[in-house]
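The first sequence begins at 1 in the working numbering and counts up by one.
Glycine included, each C-beta is placed from N, C-alpha and C at the ideal position.
Keep in mind it's a predicted model, so treat the numbers as computed, not measured.
Structure first, commentary second.
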Amino acid sequence: MPELPEVETIVRGLRKKIIGKKIVGFWCDHRKIRQKLKGKKQKFLNTKIVAAKRRAKYIVIELDNNSAIVIHLRMTGHLLYRPLDKKKYDKALKDPYNQYVHFKLKFSNKYELAFSDLRKFGTVEIISKNQLKDFFEAKKLGPEPLKKSFSYEVFKKTVVAHCNARQIKQVLLDQTVLAGIGNIYADEILFDAKIKPTRKTHRLKEAELKKLYTSIKKILTKGIKYRGTSTSDFRDVTGEKGRFQDLIRVYRLTGEPCKKCKTKIKRIVVGQRGTHYCSKCQK
DNA sequence: TGCAGTGTTGCTTC
DNA sequence: CGAAGCAACACTGC
């Protein structure tokens, strides 16, 4: 679910909802997360939230005690800001995203931040703010594609220089090359750029690279504008769906007619990921 | 019914 | 070193 546009949507929601809130309670029933947070409960309690940030697909929630909570939602994670009084969202409780809650922070205003995660791949940890730089450097993440500093020159250097004979889709998904693109947006970006996902990166022509660069910025920006893709169970912090699924052109549309040329969308496997493309529009 | 497929990352292996 | 394969987990849908 959560790729750059979804995580960005969540972070913007967090900024609206939890900045300035005081944490007064902590709960966790997930063994792996408890392990990570062992002995650190006191770092959460009686602190105030001062900032919410995104780096790649990571969410960083900064506290007023020099600590930062770092969350990764992986496949099925959700962050939900919801009232402690369950009667207030009775119906929504049945929805999958409201179940499978494994970690909660309670606030003094009788709301909570709940981390739900069906498949339990997601991670929550707390580190000191001055460790953040090292934390992210260790991940060797590539540049943020939506930053102004991510110019075409930077794109060419970082992306192309690294990638030689790899298939372009695998390169787009490689977080050490470019931060934040996942399977949905990789397929959509390549459709927009009219490039077949299996093309070898070093064989792309200058014009194709320029188009690809433009498509990356365009599709990710659009994804944020439409508040993410809820093909499956993505929800923002208030439980609202995104709307980008209405604009999807190829992802998981196997066998359906291409919106441009009516050719049936193909599904292949690239780097063990389901990959969808139009064999006529994408060369 | 059963098994392939699912949005991610990181560890192991070659 | 880079790159490919697979595991972590639980559910859906063919």
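Query                                                                                                                                                                : Result
Just to confirm before moving on: does the CB-CB distance between residue 190 and residue 212 stay below 9 Å?                                                        : yes
Whole angstroms are fine: how far does the CA of residue 112 sit from the CA of residue 21?                                                                          : 10 Å
What's the gap between the Cα of residue 273 and the Cα of residue 183?                                                                                              : 7 Å
Could you tell me which of 141, 262, 156, 11 sits nearest to residue 180, measuring between CA atoms?                                                                : 141
Determine the DSSP secondary structure at residue 13, reduced to helix, strand or coil.                                                                              : helix
Rounded to whole angstroms, what is the Cα-Cα separation between residue 237 and residue 10?                                                                         : 6 Å
Looking only at its chain, what residues have a beta carbon closer than 6 Å to the beta carbon of residue 29, apart from the 5 residues adjacent to it on each side? : 102
If we count Cβ pairs, one from each stretch, closer than 8 Å, do we get three or more for the stretch 135 to 154 versus the stretch 215 to 231?                      : yes
Would you decide whether residue 368 is buried or exposed? Buried here means 16 or more other CB atoms lie within 10 Å of its CB.                                    : Any question about residue 368 goes unanswered here, given that the chain covers just 1 to 283.
Alpha carbon to alpha carbon, how far is residue 231 from residue 125? Give it in angstroms, no decimals.                                                            : 28 Å
Report the partner residues of residue 277 according to the DSSP bridge assignment.                                                                                  : 266
By the three-class DSSP mapping on this structure, what secondary structure does residue 221 have?                                                                   : helix
Is it buried or exposed for residue 152, if we count other Cβ within 10 angstroms and need 16 for buried?                                                            : exposed
Taking 9 Å as the cut-off, decide whether the C-beta atoms of residue 15 and residue 56 are in contact.                                                              : no
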